[in-house]
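Trainee: Order-wise, the sequence lines are chains A and B. Numbered according to this note's numbering, the first sequence spans residues 84 to 394. Numbered according to this note's numbering, the second sequence spans residues 22 to 356. Below is the structure I would like to discuss, written out as structure tokens.
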Amino acid sequence: MSEEMARDERVFVMGEDLARQGGIFGQFKGLPEQFGIERVRDTPISETAIVGAAVGAALAGMRPVADMHFADFIGVSMDEVFNQMAKVRYMFGAQCKVPLVLRAPDGMIRSAAAQHSQSVEAWFMHIPGIKVVIPSNPADAKGLLKAAIRSDDPVLYFEHKALFPLKGMVPDGEYIVPIGKANVVRPGKDVTIVSYSMMMNRVLEAADKLAAEGVNAECIDLRTISPLDKETVFESVRKTKRLVIVHEAVKQGGVGAELSACVAEEMIDWLDAPIKRLGAPFVPIPFSPALEGLCRISTDDIVKTTKEICR
Amino acid sequence: MLQIHKGGHTLAYKKDTLKNFYRTMVRIRLFEEKVQECFLGGELPGFVHLYIGEEAIAAGLLTEMDKEDYITSTHRGHGHCIGKGAQIKPMMAEIFGKSTGYCKGKGGSMHIADFSVGMLGANGVVGGGINLAVGAGLAAKMKKSGQIAATFFGDGGANRGTVHEGMNMAAIWKLPVIFVCEYNQYASTTPASYGTSVPDVSIRAQGYGMPSAIVNGNDVFAVNEASKIAIEYVRSGKGPYMLEFKTYRVKGHFVGDPEMYRSKQEVQEHFESDDPIKNFAKVVLAKKWMTQKEMDTIHSEVEQEVATAVEDARKDPYPDESELFNDYYVEVGVK
Chain A
84 MSEEMARDER VFVMGEDLAR QGGIFGQFKG LPEQFGIERV RDTPISETAI VGAAVGAALA
144 GMRPVADMHF ADFIGVSMDE VFNQMAKVRY MFGAQCKVPL VLRAPDGMIR SAAAQHSQSV
204 EAWFMHIPGI KVVIPSNPAD AKGLLKAAIR SDDPVLYFEH KALFPLKGMV PDGEYIVPIG
264 KANVVRPGKD VTIVSYSMMM NRVLEAADKL AAEGVNAECI DLRTISPLDK ETVFESVRKT
324 KRLVIVHEAV KQGGVGAELS ACVAEEMIDW LDAPIKRLGA PFVPIPFSPA LEGLCRISTD
384 DIVKTTKEIC R
Chain B
22 MLQIHKGGHT LAYKKDTLKN FYRTMVRIRL FEEKVQECFL GGELPGFVHL YIGEEAIAAG
82 LLTEMDKEDY ITSTHRGHGH CIGKGAQIKP MMAEIFGKST GYCKGKGGSM HIADFSVGML
142 GANGVVGGGI NLAVGAGLAA KMKKSGQIAA TFFGDGGANR GTVHEGMNMA AIWKLPVIFV
202 CEYNQYASTT PASYGTSVPD VSIRAQGYGM PSAIVNGNDV FAVNEASKIA IEYVRSGKGP
262 YMLEFKTYRV KGHFVGDPEM YRSKQEVQEH FESDDPIKNF AKVVLAKKWM TQKEMDTIHS
322 EVEQEVATAV EDARKDPYPD ESELFNDYYV EVGVK
């Protein structure tokens with residue numbers, strides 16, 4: 084954020100509890116001191132006005148970054164997201180650009196319960212006009228955020244809440260991860276495992292365990308879910324003939340459903356085993372750790388499911 | 022804080038200003054009449070919402086704003102486009118769904134925009150344009166450009182939550198935004214007396230610490246005088262302002278509306294006794310500010326302009342199928 088705000092004075096950020104608190108997860112710390120409270124702007128609790136005003140400011144030549152506090156609150160401003168942000172450029176015949184980033188912290192941490200734990204990314208891959216990125220590690224978090232801020236299109240940037248305390252190597256300076264390109268994180272020949280966001284880390288752990296048992300999994304981090312980089316997945320499946328898709332969001336109607344439909348539709352003859360999807364059960368996320376844990380996909384779940392189709 | 026502004030026709034107006042008021046109102050009226058005719062003739066796809074009877078608001082307010090200033094509009098947006106300086110030809114072509122339209126035929130009647138004159142789009146969602154104008158006002162303030170923004174809504178739109186959030190945000194940040202309520206008595210089929218908690222929406226402005234005025238929206242002079250005060254106020258950096266223009270929606274919610282909720286007599290009485298264009302003519306003739314001949318000349322020029330726009334729109338091509346995926350993302354990137 085800091086590098087992009089220093090690079091382009093049209094970039095500013097607004098949302099709830101940014102300037103005084105540095106963001107609810109500390110993700111904006113240091114920015115108000117560096118850029119002042121005009122450009123690191125605390126808003127009232129008005130998600131509708133935050134997104135609407137961000138769209139308006141973008142139409143009038145700024146490059147706003149709006150923070151949603153929790154991804155769960157996007158619903159409050161849904162009209163502004165899917166009828167305004169996503170559509171104005173097309174609807175007005177390309178008279179305008181909407182260089183806007185919507186940051187949305189998602190996912191389960193510390194028993195935040197049903198309204199503060201959701202992964203809602205799949206809703207937005209159903210809406211033409213928005214790009215949706217979702218990093219799995221600190222380096223990608225930087226590279227995708229830079230790409231999102233520099234994009235002239237509206238980008239929804241989902242950042243898993245468990246990503247904030249995650250430590251990892253981050254390249255200095257200019258490091259940009261292209262939007263719309265998946266990453267083959269670990270090459271393999273026996274099975275393709277596709278994931279994104281925090282679940283990607285579980286997938287890589289599972290791949291280590293699988294390797295110890297003689298299964299070489301090729302692991303793909305989607306990084307962007309809309310537009311979806313189908314070709315990278317297809318290429319991998321042509322090689323491995325097997326596909327597992329893993330995400331934290333509910334399985335029904337998820338990213339995995341779309342991706343497996345694409346694979347089934349366009350290359351079913353290449354498959355040697357049924358496609359497997361791992362996602363949360365179709366219930367609101369419960370509070371009690373005893374129940375919340377049942378909604379979470381574990382490394383062992385991934386190992387077990389992958390082995391089922393690799394026999 | 023609340024002013025009742027009835028307009029005394031006391032200010033001195035330049036001839037050009039008067040002609041501009043008249044031309045703008047007649048442009049809107051004849052444009053809308055022609056749109057209605059084409060729609061009823063089965064020539065237009067979609068549906069259209071007409072601004073007939075409310076022309077004085079667009080003419081009195083928007084001709085007072087600068088070209089660089091921003092507006093956001095509603096589903097009933099043709100008048101706002103014309104008032105802000107959009108051209109009739111590409112507007113008509115857009116309504117016909119032709120490639121020569123403002124939005125290349127991708128927007129239609131409810132989404133006409135002309136960014137070159139600060140018209141940031143009509144909006145099909147009631148209350149949808151409010152916060153876009155708040156954001157444009159925020160951008161103007163951050164850039165210190167001196168621009169202002171105005172956003173239109175009706176007595177129906179006034180009840181959207183977007184208005185509450187937008188007014189509060191504009192007030193706390195002292196943004197240069199004019200909230201323009203066109204109180205035209207009906208939210209689709211629902212009378213304001215039923216659906217809106219107070220007879221004057223501008224009362225609500227007080228809840229945001231915002232000055233407001235109630236204005237006869239069918240008197241272009243009253244509209245213009247009140248608009249000058251509001252524009253000066255917001256441009257000086259004092260914060261937002263609300264204008265409530267009392268008017269009457271002469272046509273149905275959309276063309277083809279069976280209008281079961283009101284009598285023909287009610288509509289006729291309103292339109293005959295309080296037509297903004299006739300109101301204007303009465304004043305300028307009585308005060309000898311303009312002659313009937315001057316008005317007739319403008320009327321026939323506009324008539325010709327609108328007729329040409331329709332003829333051209335009929336002849337213009339529909340968008341090519343290859344246009345479907347254009348203008349969608351700026352960067353297409355990896356497929």
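Cβ atoms here follow ideal geometry from the backbone N, Cα and C, with glycine treated the same way.
Compare the C-beta of A/M350 against all C-beta atoms of chain B and say whether one is closer than 8 angstroms.
Mentor: Working through the first sequence from its first residue, we reach residue 350 of chain A at position 267. Not closer than 8 angstroms to any Cβ of chain B, the Cβ of A/M350 fails to qualify, so no.
Trainee: Going along the chain, which residues of the region 187-213 of chain A sit with their C-beta nearer than 9 angstroms to a C-beta in chain B?
Mentor: Of all residues in the region 187-213 of chain A, P211 and G212 have a Cβ within less than 9 angstroms of some Cβ in chain B.
Trainee: Which of the residues in the region 140-154 of chain A, read from start to end, lie with their CB under 8 angstroms from any CB of chain B?
Mentor: Cβ contacts with chain B come from A140, A141, L142, A143, G144, M145 and P147.
Trainee: Relative to the alpha-carbon of A/V286, which residue among A/G263, A/A332, A/V327 and A/E99 has its alpha-carbon at the smallest distance?
Mentor: Stepping through the first sequence from its first residue, residue 286 of chain A is reached at position 203. Measuring from the Cα of A/V286, the nearest candidate turns out to be A/V327.
Trainee: Counting along the chain, where does the alpha helix (DSSP H) carrying B/S321 start and finish?
Mentor: Indexing the second sequence from 1 puts residue 321 of chain B at position 300. B/S321 -> alpha helix (DSSP H) spans Q313 to K336.
Trainee: Could you tell me which of A/G226, A/G263, A/A149 and A/K180 sits nearest to A/V253, measuring between CA atoms?
Mentor: Your numbering for residue 253 of chain A matches position 170 in the first sequence. It is A/G226.
Trainee: Can the beta-carbon of B/V147 be found closer than 8 angstroms to that of B/V276?
Mentor: To locate residue 147 of chain B, count along the second sequence from 1; it is residue 126. To locate residue 276 of chain B, count along the second sequence from 1; it is residue 255. Not closer than 8 angstroms, so no.
Trainee: Is there a C-beta anywhere in chain B that falls below 8 angstroms from the one on A/V138?
Mentor: On the first sequence, residue 138 of chain A is found 55 positions in, with the first residue counted as 1. So yes, A/V138 belongs to the interface.
Trainee: Given B/K195, which residues of its chain have a CB within under 6 angstroms of its CB, disregarding the five upstream and five downstream residues?
Mentor: Here residue 195 of chain B refers to the residue found at position 174 of the second sequence. Only G260 meet the Cβ criterion.
Trainee: Report the start-end ranges of each beta strand (DSSP E) in the region 100-147 of chain A that is 3 residues or longer and not cut off at the edges.
Mentor: Counting only runs of 3 or more, we get 123-125.
Trainee: Is it right to say A/T323 is buried, meaning 16 or more other beta carbons lie within 10 angstroms of its own, or is it exposed?
Mentor: Taking the first residue of the first sequence as position 1, residue 323 of chain A is located at position 240. The residue is buried, with at least 16 neighbouring Cβ atoms inside 10 Å.
Trainee: Using 10 angstroms around the beta-carbon of A/P270, count the other beta-carbons present and answer buried if the total reaches 16, otherwise exposed.
Mentor: Here residue 270 of chain A corresponds to residue number 187 of the first sequence, with the count starting at 1. Classification of A/P270: exposed, given that the 10 Å Cβ count is below 16.
Trainee: Are B/I319 and B/Y43 close, meaning C-beta to C-beta below 8 angstroms?
Mentor: To locate residue 319 of chain B, count along the second sequence from 1; it is residue 298. To locate residue 43 of chain B, count along the second sequence from 1; it is residue 22. Contact flag set, yes.
Trainee: Note down, in chain order, all residues in the region 256-273 of chain B with a beta-carbon under 8 angstroms from any beta-carbon belonging to chain A.
Mentor: Those residues of the region 256-273 of chain B that come within reach of chain A (Cβ to Cβ, closer than 8 angstroms) do not exist; the list is empty.
Trainee: Using a Cβ-Cβ cutoff of 7 angstroms, what residues of the region 187-212 of chain B are near chain A? List them in chain order.
Mentor: Listed by position, the residues of the region 187-212 of chain B near chain A (Cβ gap below 7 angstroms) are G187, N189, M190 and I193.
Trainee: Show which residues of chain B have a CB atom less than 7 angstroms away from the CB atom of A/R172.
Mentor: Within the first sequence, the letter at position 89 stands for residue 172 of chain A. Here the neighbours are D348.
Trainee: Could you please tell me which residues of the region 221-248 of chain A, in chain order, have their CB closer than 7 angstroms to any CB of chain B?
Mentor: Those residues of the region 221-248 of chain A that come within reach of chain B (Cβ to Cβ, closer than 7 angstroms) are S234, D235 and D236.
Trainee: Which residues, in order along the region 98-126 of chain B, keep a beta-carbon less than 7 angstroms from a beta-carbon of chain A?
Mentor: Here the close residues are Y123, C124 and K125.
Trainee: How many angstroms separate the CA atom of B/E332 from the CA atom of B/G63?
Mentor: For the purposes of this step, residue 332 of chain B is taken as residue 311 along the second sequence, with counting starting at 1. For the purposes of this step, residue 63 of chain B is taken as residue 42 along the second sequence, with counting starting at 1. Looking at the two C-alpha atoms, the distance is approximately 15 angstroms.
Trainee: Would the region 73-89 of chain B and the region 107-118 of chain B be scored as touching if the rule is three or more Cβ pairs under 8 angstroms?
Mentor: Because the criterion of three Cβ pairs below 8 angstroms is not met, the region 73-89 of chain B and the region 107-118 of chain B do not touch.
Trainee: Within the same chain, show all residues whose beta-carbon is closer than 6 angstroms to that of A/P115, passing over the 5 residues directly before and after it, in chain order.
Mentor: Counted from its first residue, the first sequence places residue 115 of chain A at position 32. Same-chain partners within the cutoff: A102 and V123.
Trainee: Of all the CB atoms in chain B, is at least one closer than 8 angstroms to the CB of A/D162?
Mentor: What you label residue 162 of chain A is simply residue 79 of the first sequence in a count that begins at 1. Yes, its Cβ sits closer than 8 angstroms to a Cβ of chain B.
Trainee: From this set, B/E287, B/A191, B/F174 and B/K249, which residue's C-alpha is nearest B/K162's C-alpha?
Mentor: Position 141 of the second sequence, counted from the first residue, corresponds to residue 162 of chain B. Among B/E287, B/A191, B/F174 and B/K249, the Cα nearest to that of B/K162 belongs to B/A191.
Trainee: Does any residue of chain A bring its CB to less than 8 angstroms from the CB of B/H96?
Mentor: Translated into the one-based positions of the second sequence, residue 96 of chain B becomes position 75. With 8 angstroms as the cut-off, B/H96 does not count as an interface residue toward chain A.
Trainee: Starting from B/N237, trace the beta strand (DSSP E) in both directions and tell me its first and last residue.
Mentor: Taking the first residue of the second sequence as position 1, residue 237 of chain B is located at position 216. Segment S233 to N237, the beta strand (DSSP E) holding B/N237.
Trainee: From which residue to which residue does the beta strand (DSSP E) around A/I213 run?
Mentor: For the purposes of this step, residue 213 of chain A is identified with residue 130 of the first sequence, where counting begins at 1. Taken as a continuous stretch (DSSP letters only), A/I213 belongs to no beta strand (DSSP E), as it is neither H nor E.
Trainee: Could one say the Cβ of B/G182 lies closer than 8 angstroms to chain A's Cβ atoms, at least one of them?
Mentor: Within the second sequence, numbered from 1, the residue matching residue 182 of chain B stands at position 161. For B/G182, the answer is yes, since a Cβ of chain A falls inside 8 angstroms of its Cβ.
Trainee: When burial is assigned at 16 or more other CB atoms within 10 Å of the CB, is A/K359 buried or exposed?
Mentor: Reading the first sequence from its first residue, position 276 is the one you call residue 359 of chain A. It is buried - the Cβ of A/K359 has at least 16 other Cβ atoms within 10 Å.
Trainee: Roughly how many whole angstroms lie between the Cα atoms of B/A107 and A/V338?
Mentor: In the second sequence, residue 107 of chain B corresponds to position 86, counting from 1. In the first sequence, residue 338 of chain A corresponds to position 255, counting from 1. Near 43 angstroms, if we compare the C-alpha coordinates of A/V338 and B/A107.
Trainee: Can you tell me whether DSSP reads B/E342 as helix, strand or coil?
Mentor: One-based indexing of the second sequence puts residue 342 of chain B at position 321. Helix.
Trainee: Is B/G149 buried or exposed, if buried means 16 or more other CB atoms sit within 10 Å of its CB?
Mentor: Mapped onto the second sequence, residue 149 of chain B falls at position 128. Classification of B/G149: buried, given that the 10 Å Cβ count is 16 or more.
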